[in-house]
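Presented below is the structure to which this report refers.
Number of protein chains: 2
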Amino acid sequence: MKPTIYDVAKEAQVSIATVSKVINDTGRISEKTRKRVLEAMEKLRYQPSVVASALTGKRTNTLGLLIPDLANPFFAEVARHVEDRGQEKGFNVIMCSTDYNPAKEAKYISLLKQKQVDGIILGSGFYNDQMIAELQQENFPLVMISQEIPALDIDTVSVDDFMGGYQVTQYLLSLGHRRIGVIAESFQDNPANVRWSSKERIRGYREALEAAGIGFDEDLVFISNSTIEAGKRVAGALLDAGPHPTAIFALNDVLAIGTIKAVRERGLKIPEDIAIVGFDDTILATIVDPPLTTVAQPIRDMGYQAMDLLIEKIEGKENTTKRIILSPQLMIRQTTCPLT
Amino acid sequence: MKPTIYDVAKEAQVSIATVSKVINDTGRISEKTRKRVLEAMEKLRYQPSVVASALTGKRTNTLGLLIPDLANPFFAEVARHVEDRGQEKGFNVIMCSTDYNPAKEAKYISLLKQKQVDGIILGSGFYNDQMIAELQQENFPLVMISQEIPALDIDTVSVDDFMGGYQVTQYLLSLGHRRIGVIAESFQDNPANVRWSSKERIRGYREALEAAGIGFDEDLVFISNSTIEAGKRVAGALLDAGPHPTAIFALNDVLAIGTIKAVRERGLKIPEDIAIVGFDDTILATIVDPPLTTVAQPIRDMGYQAMDLLIEKIEGKENTTKRIILSPQLMIRQTTCPLT
DNA sequence: TTGAAAGCGCTAACAG
DNA sequence: CTGTTAGCGCTTTCAA
Numbered sequence: 001m002k003p004t005i006y007d008v009a010k011e012a013q014v015s016i017a018t019v020s021k022v023i024n025d026t027g028r029i030s031e032k033t034r035k036r037v038l039e040a041m042e043k044l045r046y047q048p049s050v051v052a053s054a055l056t057g058k059r060t061n062t063l064g065l066l067i068p069d070l071a072n073p074f075f076a077e078v079a080r081h082v083e084d085r086g087q088e089k090g091f092n093v094i095m096c097s098t099d100y101n102p103a104k105e106a107k108y109i110s111l112l113k114q115k116q117v118d119g120i121i122l123g124s125g126f127y128n129d130q131m132i133a134e135l136q137q138e139n140f141p142l143v144m145i146s147q148e149i150p151a152l153d154i155d156t157v158s159v160d161d162f163m164g165g166y167q168v169t170q171y172l173l174s175l176g177h178r179r180i181g182v183i184a185e186s187f188q189d190n191p192a193n194v195r196w197s198s199k200e201r202i203r204g205y206r207e208a209l210e211a212a213g214i215g216f217d218e219d220l221v222f223i224s225n226s227t228i229e230a231g232k233r234v235a236g237a238l239l240d241a242g243p244h245p246t247a248i249f250a251l252n253d254v255l256a257i258g259t260i261k262a263v264r265e266r267g268l269k270i271p272e273d274i275a276i277v278g279f280d281d282t283i284l285a286t287i288v289d290p291p292l293t294t295v296a297q298p299i300r301d302m303g304y305q306a307m308d309l310l311i312e313k314i315e316g317k318e319n320t321t322k323r324i325i326l327s328p329q330l331m332i333r334q335t336t337c338p339l340t
Numbered sequence: 001m002k003p004t005i006y007d008v009a010k011e012a013q014v015s016i017a018t019v020s021k022v023i024n025d026t027g028r029i030s031e032k033t034r035k036r037v038l039e040a041m042e043k044l045r046y047q048p049s050v051v052a053s054a055l056t057g058k059r060t061n062t063l064g065l066l067i068p069d070l071a072n073p074f075f076a077e078v079a080r081h082v083e084d085r086g087q088e089k090g091f092n093v094i095m096c097s098t099d100y101n102p103a104k105e106a107k108y109i110s111l112l113k114q115k116q117v118d119g120i121i122l123g124s125g126f127y128n129d130q131m132i133a134e135l136q137q138e139n140f141p142l143v144m145i146s147q148e149i150p151a152l153d154i155d156t157v158s159v160d161d162f163m164g165g166y167q168v169t170q171y172l173l174s175l176g177h178r179r180i181g182v183i184a185e186s187f188q189d190n191p192a193n194v195r196w197s198s199k200e201r202i203r204g205y206r207e208a209l210e211a212a213g214i215g216f217d218e219d220l221v222f223i224s225n226s227t228i229e230a231g232k233r234v235a236g237a238l239l240d241a242g243p244h245p246t247a248i249f250a251l252n253d254v255l256a257i258g259t260i261k262a263v264r265e266r267g268l269k270i271p272e273d274i275a276i277v278g279f280d281d282t283i284l285a286t287i288v289d290p291p292l293t294t295v296a297q298p299i300r301d302m303g304y305q306a307m308d309l310l311i312e313k314i315e316g317k318e319n320t321t322k323r324i325i326l327s328p329q330l331m332i333r334q335t336t337c338p339l340t
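Residue numbers (full-length UniProt numbering), protein chains in the order written: chain C, 1 to 340; chain G, 1 to 340.
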């Protein structure tokens with residue numbers, strides 16, 4: 001059997017209270033007994049049971065991370081950085097892929113609460129406002145990542161999507177492009193479900209356009225589910241819908257890749273005939289040929305900040321709500337060039 | 001406060017023992033009281049505490065998954081499928097990226113045990129045999145995925161790497177190639193640490209070669225860390241090392257992509273001048289241009305089988321050790337063509 | 001068919 | 001400085 005605190009106490013000839021104190025470094029213990037206890041722990045290879053200590057109201061040092069899909073490179077990177085920071089700070093993380101499915105979200109959250117995780121990071125396409133509101137009023141430590149819900153007063157770390165959209169558009173305009181198509185990201189195969197981040201990016205796009213005296217043309221904005229195939233299909237529709245734009249701004253890298261395929265299929269050259277810009281700067285962007293001009297999200301920073309914010313909440317140090325907004329960075333590669 | 005079993009008992013006017021019985025469906029309870037208890041649970045929105053029940057020796061319904069790197073698309077896909085199957089079966093999973101670092105592996109395992117996870121799936125580059133042996137003699141539920149340690153008698157689900165190597169080579173030979181280079185995968189920046197799976201694939205390569213009456217030439221086998229940059233560098237070295245081979249078999253997709261870059265950089269055409277084959281069939285393979293001929297691992301199957309095996313172990317249904325070996329599948333795309 | 005009571009391993013007063 | 005003891009929320013005999 002695994003040794004318990006009793007075994008250690010017996011071995012060190014002290015009470016379990018004393019052992020508990022040296023484990024948690026609370027109270028005052030003489031150097032001598034502390035040493036004796038430490039030796040006993042060592043000798044028995046004792047490891048305190050997180051389960052037992054959690055039952056007395058202490059932390060489990062375990063967190064939940066909800067994201068739409070762990071197999072999506074962007075979220076996988078987010079998850080990795082969250083995990084890394086957690087590891088540094090002494091937390092493990094339970095990963096949950098929700099597929100933008102509110103039922104799954106609810107189920108995961110319920111399970112995580114049963115398991116007494118210390119907090120949850122929401123990177124999901126979370127639109128189940130009611131559940132969030134509930135968690136909040138229970139004062140459950142919660143942080144959103146890469147996702148704004150303006151209606152909710154919740155801690156958030158995200159990237160400035162508006163600025164990203166603005167920058168891309170401004171850059172494309174500077175290259176001489178005037179007709180710029182957009183492929184926005186929706187979820188659950190429902191074009192009505194445009195992601196909030198997409199909306200913001202489009203807002204930036206629109207503002208840049210208008211700042212340049214160019215009108216916003218709704219017909220240039222297409223909506224697609226976030227898979228390569230869907231992106232390809234929708235980009236194809238955009239291309240076939242009339243005189244094609246000279247540039248396409250895909251609102252994430254996966255869609256950009258779909259777009260590249262659609263463009264190629266029509267015998268158009270990239271970037272000469274059509275410039276393409278993505279968003280996220282995932283590993284995919286450097287792999288495609290030609291390398292994709294895209295907007296880098298500071299994924300590592302986002303993961304770290306989210307974790308740090310959550311830990312602050314858990315430790316109760318901070319109770320004002322914070323919104324951390326990081327700046328995106330345009331990565332100019334080879335899918336864009338001056339319009340000739 | 002969250003309701004406890006006592007609250008439910010009071011509400012339903014029964015003892016906590018009775019409530020426990022209806023929760024776990026043990027013992028015999030009259031329909032009438034069962035209904036009353038169920039209603040009370042409903043009314044109070046009661047959820048049993050996993051922590052408390054774990055303390056009495058029951059399961060935590062939480063598992064650990066150790067992999068080298070969650071941000072690597074291959075492992076991210078594995079993780080996703082493991083998670084999915086876990087979800088179906090009622091388990092959550094704590095993901096741990098080890099970076100092939102034995103110290104991290106040890107630390108994660110120790111933490112997972114403290115948290116009383118019900119079992120662990122090892123997808124790591126796990127070579128810390130001693131730690132595994134220890135877990136085994138404690139009879140701790142353990143399954144290896146995508147990784148064989150022949151010396152250990154442990155449950156495993158993996159792909160037939162030998163066959164994969166053989167198939168690729170045979171295919172390349174059938175295309176007329178005779179000089180076939182190999183880029184194998186090592187870890188920790190140490191060429192001496194060639195992954196077991198690489199060794200098996202090379203064994204298949206060698207056997208196919210010899211079956212065709214062609215000698216195995218050690219000078220055609222190069223070792224690289226598994227990153228695009230390293231792959232590119234090492235592939236470059238291979239290409240520059242003399243008359244270049246007409247085909248290169250990269251032992252995973254990431255290395256294949258590095259190889260493509262190196263080949264391009266030297267002005268060589270793919271597949272006409274040099275054919276390239278990868279391994280894994282990750283999302284990367286369909287994204288590169290041209291699409292990569294590669295070997296598909298049945299990732300989904302692997303994840304599912306590993307989870308199912310682990311659950312069998314946890315439930316103690318099965319105590320003989322099983323090795324499940326799945327067949328890889330050659331996906332012919334456009335980085336290969338007959339030698340002209 | 002139900003309930004009383006003894007733990008599970010640990011923490012946190014409280015007393016000495 | 002150290003030990004006694006009462007829980008934490010749940011499971012599981014064992015009686016009734």
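Even glycine gets a Cβ: it sits at the ideal position worked out from N, Cα and C.
Can you check whether the C-beta of S97 of chain C is within less than 8 angstroms of a C-beta belonging to chain G?
Yes - at least one Cβ of chain G is within 8 angstroms of the one on S97 of chain C.
Measure the Cβ-Cβ separation of T259 of chain G and A250 of chain G and say whether it is below 8 angstroms.
Contact: yes.
What residues in the region 112-145 of chain G bring their beta carbon closer than 9 angstroms to a beta carbon of chain C?
Listed by position, the residues of the region 112-145 of chain G near chain C (Cβ gap below 9 angstroms) are L112, K113, Q114, K115, Q116 and E138.
Over the uninterrupted alpha helix (DSSP H) stretch that includes F74 of chain G, give me the two end residues.
Run containing F74 of chain G: P73 to K89, per the alpha helix (DSSP H) assignment.
Pick helix, strand or coil for G181 of chain G, following the three-state DSSP scheme.
Strand at G181 of chain G.
Given this structure, state the Cα-to-Cα distance separating R45 of chain C from E315 of chain C, to the nearest angstrom.
For R45 of chain C and E315 of chain C, the distance between alpha carbons rounds to 29 angstroms.
Three-state secondary structure (DSSP) at G267 of chain G?
Three-state DSSP puts G267 of chain G in coil, outside helix and strand.
Where in the region 186-232 of chain G do unbroken runs of the beta strand (DSSP E), each at least 3 residues long, occur, reported from the N-terminal end onward?
Correct list: 190-194 and 221-225.
Given a limit of 9 angstroms on CB to CB distance, which residues of the region 271-289 of chain G reach chain C?
Listed by position along the chain: I283, L284, T286, I287, V288 and D289.
Given that a residue counts as buried once 16 or more other Cβ atoms are within 10 Å of its Cβ, and exposed if not, what is P150 of chain C?
With fewer than 16 Cβ atoms within 10 Å of its Cβ, P150 of chain C is classed as exposed.
How should T340 of chain C be labelled, buried or exposed, when 16 other C-beta atoms within 10 angstroms of its C-beta is the threshold for buried?
It is exposed - the Cβ of T340 of chain C has fewer than 16 other Cβ atoms within 10 Å.
Cβ of L238 of chain G less than 8 angstroms from any chain C Cβ?
False, the Cβ-Cβ gap to chain C never drops below 8 angstroms.
Can you give the Cα-Cα distance for T156 of chain C and D129 of chain C, rounded to whole angstroms?
Approximately 15 angstroms between the Cα atoms of the pair.
So what's I94 of chain G in DSSP terms, helix, strand or just coil?
If DSSP states are grouped into helix, strand and coil, I94 of chain G belongs with the strands.
Which residues does DSSP pair with M144 of chain C in a beta bridge?
Answer is C:L122 and C:T156, bridged to M144 of chain C.
For H177 of chain C and K261 of chain C, what's the separation of their Cα atoms in angstroms?
Their backbone Cα atoms lie some 21 angstroms apart in a straight line.
Going along chain C in order, which residues have a C-beta closer than 9 angstroms to the C-beta of T62 of chain G?
The contacting residues are T62, I94 and K115.
Going by DSSP, name the residue or residues bridged to G64 of chain C.
Note: G64 of chain C sits in a beta bridge opposite C:I94 and C:I120.
For the alpha helix (DSSP H) containing F162 of chain C, name the first residue and the last one.
It spans D161 to S174 - the alpha helix (DSSP H) in which F162 of chain C sits, taken as one unbroken run.
Cutting at 6 angstroms between CB atoms, please list the residues of its own chain near Q334 of chain C, excluding the five before and the five after it.
Cβ within range, chain order: P290 and P291.
Hey, how far is the Cα of I132 of chain G from the Cα of L66 of chain G?
Answer to the nearest angstrom: the Cα atoms are 13 angstroms apart.
What span of residues does the beta strand (DSSP E) with L326 of chain C cover, start to end?
From DSSP, the beta strand (DSSP E) with L326 of chain C extends over R323 to L326.
Alpha carbon to alpha carbon, how far is T294 of chain G from G123 of chain C?
In a straight line, the C-alpha of T294 of chain G is about 33 angstroms away from that of G123 of chain C.
Any idea what DSSP makes of T294 of chain C, helix, strand or coil?
Of the three classes helix, strand and coil, the one that applies to T294 of chain C here is strand, per DSSP.
From P243 of chain C to Q167 of chain C, what does the alpha carbon distance come to, in whole angstroms?
The straight-line gap from Cα to Cα measures roughly 25 angstroms.
Quick check: the Cα distance between V50 of chain G and F75 of chain C, rounded to an integer number of angstroms?
Each residue's alpha carbon lies about 28 angstroms from the other.
At what residues does the beta strand (DSSP E) containing L330 of chain G begin and finish?
Counting along the chain, the beta strand (DSSP E) containing L330 of chain G begins and ends at Q329 to M331.
Do D153 of chain C and T321 of chain C have their C-beta atoms within less than 8 angstroms of each other?
Yes, the pair counts as a contact, with Cβ atoms nearer than the cut-off.
Mind listing, in chain order, the continuous alpha helix (DSSP H) runs of no fewer than 4 residues lying wholly within the region 240-267 of chain C?
Fully enclosed alpha helix (DSSP H) runs of 4 or longer: 253-265.
Helix, strand or coil: how does DSSP classify I283 of chain G here?
Looking at I283 of chain G - three-state DSSP - the assignment turns out to be helix.
With 8 angstroms set as the bound, which would you pick, yes or no: does the beta-carbon of P3 of chain G sit closer than that to a beta-carbon of chain C?
With 8 angstroms as the cut-off, P3 of chain G does not count as an interface residue toward chain C.
Taking only the alpha-carbon atoms, compute the straight-line gap between A71 of chain G and T33 of chain G and give it to the nearest angstrom.
When rounded, the distance between both Cα atoms is 51 angstroms.
So I270 of chain C and V263 of chain C are supposed to be a Cβ contact under 8 angstroms. How far apart are they, rounded?
The Cβ separation is near 6 angstroms, so the contact holds.
Could you check whether the Cβ of I109 of chain C sits closer than 8 angstroms to any Cβ belonging to chain G?
It does not: the Cβ of I109 of chain C has no partner Cβ on chain G nearer than 8 angstroms.
For the alpha helix (DSSP H) containing V277 of chain C, name the first residue and the last one.
No alpha helix (DSSP H) holds V277 of chain C; the beta strand (DSSP E) holding it covers A275 to V277.
As a quick exercise: from G:L330, G:D308 and G:V159, pick the residue whose alpha carbon is nearest that of P141 of chain G.
It is G:D308 whose Cα lies nearest to the Cα of P141 of chain G.
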